[in-house]
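Here's the structure we're looking at; comments come further down.
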Ligand code: TRH
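In this note's numbering, the protein residues as written are 12 to 390.
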């Protein structure tokens with residue numbers, strides 16, 4: 012008989028999330044927290060310093076509560092006074108959220124000391140597997156921090172994926188009425204800028220009938236300008252030439268997946284929506300989070316290289332070119348429209364590639380399970 016000899020997983024976890032801007036920090040932290048509680052049966056306390064942003068992502072979260080239970084997770088408003096004294100077995104600092112001295116001292120005083128994880132940003136760059144799991148001793152206290160890197164290749168932490176995700180997606184798509192098929196439906200989420208109106212212009216004058224579903228985000232003012240409106244809101248619908256645009260309310264985080272599943276192509280950004288679009292198994296366009304030092308260009312390149320390495324050169328080049336123009340804020344509708352046509356002519360290939368890519372990602376295992384395994388051996 013085979014015995015499971017793996018040590019038990021540490022049960023009490025703290026996840027600390029400092030919302031720098033936008034939704035990605037809390038989006039990833041919340042997804043991880045929910046999954047660790049629901050699928051691994053762990054006790055999760057999630058400390059978030061900006062509950063108003065959290066509320067937009069998950070309306071059940073009440074920004075006025077210092078403590079609340081949602082989806083089996085103990086959510087705390089993280090303020091300087093609110094550091095825990097009874098620290099759990101594992102402490103996750105999401106994206107370098109800085110812990111207070113009081114919290115670090117409580118961790119150092121604990122027996123055994125908690126496993127301290129710095130959950131990093133996702134990157135497809137070559138150096139990631141080498142740095143995944145590296146340690147950094149605290150300069151003063153007897154604490155060791157481990158760097159845990161999400162990634163898209165073997166030897167990294169992988170990306171988040173719920174256990175039932177594929178089943179839910181397949182059931183949802185199966186239930187959908189069969190669509191006419193002659194309208195290309197895209198979802199449009201990004202950081203905004205001049206490339207939005209260039210693209211809308213190109214689509215409106217392009218050969219295909221296009222439907223753009225635009226969730227409320229900072230891209231809306233660009234859409235409003237294109238249609239000559241002072242402002243637009245959820246529920247508004249606009250038409251020009253071959254293009255229809257429908258503005259959607261910002262969806263609850265788990266419902267946003269459904270939008271991605273039903274679209275022919277998804278424009279996404281940052282980290283979490285970008286990962287969800289990969290799991291949607293649809294062609295995608297990535298608006299990477301721009302960094303002041305330009306480091307995002309290398310990351311964009313690293314990912315697009317990996318994503319397209321199985322494709323022939325023409326298709327791979329069309330992906331890279333369109334992503335580059337979209338991210339650099341291309342102002343010419345002709346240039347962006349031509350790049351879109353060069354990309355979208357390969358839509359069937361892009362669709363099969365999206366499916367193949369998700370299969371490759373699945374082989375790395377999901378981030379939450381990889382993280383649980385990682386902590387198990389380090390407590
Ligand atoms: O909001 P973002 O730009 O977050 C960014 C990135 O994480 C970036 O790496 C980080 O440095 C910066 O924050 C601080 O993009 P991201 O990561 O896609 O997060 C968006 C979240 O919003 C994601 O969890 C999906 C969710 N979402 C909804 O829940 N409903 C919606 O309707 C939409 C459009 C998104």
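In this text, a Cβ means the ideal position worked out from N, Cα and C, and glycines have one as well. Note that this is a predicted model, so its numbers are computed, not measured.
- Less than 7 Å divides the Cβ of residue 210 from the Cβ of residue 347.
- Per DSSP, residue 337 is one residue of the alpha helix (DSSP H) stretching across 324-339.
- Scanning its chain for C-beta atoms nearer than 6 Å, with the 5 sequence neighbours on each side dropped, one finds around residue 283 the residues 35, 38, 39, in chain order.
- Residue 281 has its Cβ nearer than 6 Å to a heavy atom of the ligand TRH.
- Here the stretch 133-144 makes no contact with the stretch 68-86; the two share fewer than three CB pairs at distances below 8 Å.
- Secondary structure at residue 280: strand, using DSSP grouped into helix, strand and coil.
- Excluding the 5 residues flanking it on each side, residue 300 has same chain C-beta neighbours closer than 6 Å at 281, in chain order.
- Counted as a single uninterrupted DSSP element, the stretch harbouring residue 93 is not any alpha helix (DSSP H), since DSSP gives it neither H nor E.
- Note that the C-beta distance between residue 279 and residue 258 is not below 7 Å.
- Under the rule that a run must span 4 or more residues, the alpha helix (DSSP H) segments found entirely inside the stretch 159-221 read 176-186, 205-215.
- Annotation for residue 147: the continuous beta strand (DSSP E) segment containing it runs 146-148.
- DSSP, read as helix, strand or coil, puts residue 31 in coil.
- A residue is called buried once 16 or more other Cβ atoms fall within 10 Å of its Cβ, and residue 42 is buried on that count.
- Not a single heavy atom of the ligand TRH lies less than 6 Å from the C-beta of residue 108.
- Our two residues, residue 311 and residue 298, have alpha carbons roughly 9 Å apart in a direct line.
- At the C-beta level, residue 20 and residue 84 stay beyond 7 Å of one another.
- At a Cβ-Cβ threshold of 7 Å, residue 198 and residue 222 do not count as neighbours.
- CA-CA distance, residue 303 to residue 53, rounds to 38 Å.
- Residue state for residue 355 is assigned as helix, using DSSP reduced to three classes.
- Fewer than three Cβ pairs drawn from the stretch 354-365 and the stretch 157-173 lie within less than 8 Å of each other, which leaves the two stretches out of contact.
- Residue 167 counts as buried, since at least 16 other C-beta atoms from the protein chains shown sit within 10 angstroms of its C-beta.
- The alpha-carbon of residue 275 is positioned some 27 Å away from that of residue 309.
- Measuring C-alpha to C-alpha distances from residue 368 to each of 120, 321, 71 identifies 321 as the nearest.
- In the structure shown, residue 301 falls within a coil segment according to DSSP collapsed to helix, strand and coil.
- The beta carbon of residue 22 lies closer than 7 Å to those of 53, 54, 100 in the same chain, with the five residues before and after it left out.
- Cβ atoms of residue 241 and residue 203 stay farther apart than 8 Å, at about 16 Å.
- Around the beta-carbon of residue 294, 16 or more other beta-carbon atoms lie within 10 Å, marking it buried.
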